[in-house]
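Trainee:
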Amino acid sequence: MRRKEKNRPRFAAIFTALAVIAGIVYAVGKIPDIERNYVYPEKYSHFVEKYSAENGLDKYFVYAVIKTESNFDPQAVSEAGAVGLMQIMEDAFDWVQYRMGEECAGEEYSDLYDPETNIKYGTYLLRLLYEEYGSEETAAAAYHTGRGNVNSWLDDKSISSDGKTLENIPSSVTEHYVHKVMTAYEGYNNLYN
């Protein structure tokens with residue numbers, strides 16, 4: 094009897110260790126699911142895929158912008174007054190609406206709380222910026238700080254030696270924003286491709 098009692102603590106320790114190992118293996122196996130559902134979700138996928146395709150954009154770049162801008166909150170409002178999933182300012186809304194023409198007749202700025210409308214405008218704006226600048230990084234910078242700032246930076250040889258690429262972004266806030274978008278973009282590509 095003493096021998097059985099002596100082995101009990103050893104069996105309990107082995108059983109506990111095996112349970113912990115099984116839990117870790119289970120959790121590690123679930124990491125891609127956790128990343129997909131919480132870290133890099135594909136919310137509003139129908140709208141993102143539709144408008145990304147219409148505008149010739151990589152859908153993962155659009156997801157990265159939405160994640161960075163609002164973390165998928167359609168009711169988000171920034172301190173500056175940008176609204177919705179893709180955080181669009183009223184002047185950007187007006188500019189995009191003018192460019193889109195009849196397709197957007199009757200839509201108002203308050204309609205940007207609707208996920209589809211917001212994604213439609215946001216992807217169109219991203220397309221215009223990407224066509225103008227030719228890179229996701231520069232388009233993201235312009236999306237954040239505006240074309241005027243980016244154009245003046247591209248004209249400055251200490252910021253852009255070729256007038257096309259931002260080698261360093263003089264605004265730490267915009268630099269941080271671009272870094273967050275590009276990190277999310279890489280995360281989406283690594284997880285889903």
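So in the numbering used here, the last one in the sequence shown is 286, and the numbering has no gaps at all. Ideal placement from N, C-alpha and C gives every residue a C-beta, glycine not left out. Since the structure is predicted, the reported quantities are computational estimates derived from the model, not experimental observations.
Under the three-state reduction of DSSP, which class applies to residue 300: helix, strand or coil?
Mentor: The structure shown does not extend to residue 300, since the chain is modelled only from 94 to 286, so the question has no answer here.
Trainee: For residue 176, which beta-bridge partners are listed by DSSP?
Mentor: One-based indexing of the sequence shown puts residue 176 at position 83. Residue 176 is bridged to 170, 181.
Trainee: So, residue 281 versus residue 131, is the Cβ gap smaller than 7 Å?
Mentor: To locate residue 281, count along the sequence shown from 1; it is residue 188. To locate residue 131, count along the sequence shown from 1; it is residue 38. Going by C-beta atoms, residue 281 is not nearer than 7 Å to residue 131.
Trainee: Going straight from the alpha carbon of residue 224 to that of residue 286, what length do you get?
Mentor: Walking along the sequence shown from the start, residue 224 turns up at place 131. Walking along the sequence shown from the start, residue 286 turns up at place 193. If I take the Cα positions, the gap works out to 24 Å.
Trainee: DSSP on residue 135, reduced to helix/strand/coil?
Mentor: The residue given as residue 135 occupies position 42 in the sequence shown. Three-state result, residue 135: coil.
Trainee: So, are the CB atoms of residue 148 and residue 210 less than 7 Å apart?
Mentor: Residue 148 sits at position 55 when you count from the first residue of the sequence shown. Residue 210 sits at position 117 when you count from the first residue of the sequence shown. The answer is no: Cβ separation not under 7 Å.
Trainee: Comparing alpha-carbon positions, which option in 271, 231, 179 lies nearest residue 136?
Mentor: Walking along the sequence shown from the start, residue 136 turns up at place 43. Selected option, being the one with the closest Cα: 179.
Trainee: Would you report the Cα separation of residue 274 and residue 283, rounded to the nearest angstrom?
Mentor: On the sequence shown, position 181 is the one that residue 274 refers to. On the sequence shown, position 190 is the one that residue 283 refers to. Between residue 274 and residue 283, the C-alpha separation is close to 14 Å.
Trainee: Identify whether residue 248 lies in helix, strand or coil by the three-state DSSP scheme.
Mentor: Residue 248 sits at position 155 when you count from the first residue of the sequence shown. Residue 248 falls in the helix class under three-state DSSP.
Trainee: What would DSSP say about residue 257, mapped onto helix, strand or coil?
Mentor: The residue labelled residue 257 in the question sits at position 164 within the sequence shown. Three-state DSSP puts residue 257 in coil, outside helix and strand.
Trainee: Note down the Cα distance separating residue 226 from residue 254, rounded to an integer number of angstroms.
Mentor: What you label residue 226 is simply residue 133 of the sequence shown in a count that begins at 1. What you label residue 254 is simply residue 161 of the sequence shown in a count that begins at 1. Spanning the two alpha carbons is a distance of roughly 15 Å.
Trainee: Tell me the rounded alpha-carbon separation between residue 241 and residue 221.
Mentor: The residue given as residue 241 occupies position 148 in the sequence shown. The residue given as residue 221 occupies position 128 in the sequence shown. Rounded to the nearest angstrom, the two C-alpha atoms are 14 Å apart.
Trainee: Going by the beta-carbon positions, is the gap between residue 238 and residue 258 smaller than 7 Å?
Mentor: By 1-based counting over the sequence shown, the position of residue 238 is 145. By 1-based counting over the sequence shown, the position of residue 258 is 165. No, these two residues do not count as a Cβ contact at 7 Å.
Trainee: For residue 263, which residues of its own chain have a beta-carbon under 7 Å away from its beta-carbon, when the five flanking residues on both sides are left out?
Mentor: Residue mapping note: residue 263 aligns to position 170 of the sequence shown, counting from 1. Closer than 7 Å at Cβ, skipping near neighbours: 246, 252.
Trainee: Could you tell me the alpha carbon to alpha carbon distance between residue 256 and residue 244, rounded to whole angstroms?
Mentor: Translated into positions along the sequence shown, residue 256 becomes position 163. Translated into positions along the sequence shown, residue 244 becomes position 151. Rounded to the nearest angstrom, the two C-alpha atoms are 9 Å apart.
Trainee: Using C-beta distances below 8 Å, list every residue in its chain close to residue 186, excluding the 5 sequence neighbours before and after it, in chain order.
Mentor: Working through the sequence shown from its first residue, we reach residue 186 at position 93. The residues are 202, 205, 214.
Trainee: Please specify which runs of the alpha helix (DSSP H), each continuous and at least 4 residues long, are wholly inside the stretch 197-240, giving them in chain order.
Mentor: DSSP runs (the alpha helix (DSSP H)) wholly in the stretch 197-240: 208-226, 229-238.
Trainee: Given a threshold of 16 other Cβ atoms within 10 Å of its Cβ, counted over all protein chains shown, does residue 94 qualify as buried or as exposed?
Mentor: The residue you call residue 94 lines up with position 1 of the sequence shown. Summary for residue 94: the model assigns pLDDT 49, below 50, so the residue's position carries little reliability, and this model does not support an answer.
Trainee: Would you call the CB atoms of residue 278 and residue 165 closer than 7 Å?
Mentor: In the sequence shown, the residue the question calls residue 278 occupies position 185. In the sequence shown, the residue the question calls residue 165 occupies position 72. Taking 7 Å as the Cβ cut-off, residue 278 and residue 165 do not qualify as a contacting pair.
Trainee: So, for residue 176: in the same chain, excluding its five sequence neighbours on each side, which residues have a beta-carbon less than 6 Å away from its beta-carbon?
Mentor: The residue you call residue 176 lines up with position 83 of the sequence shown. Hits under 6 Å: 170, 205.
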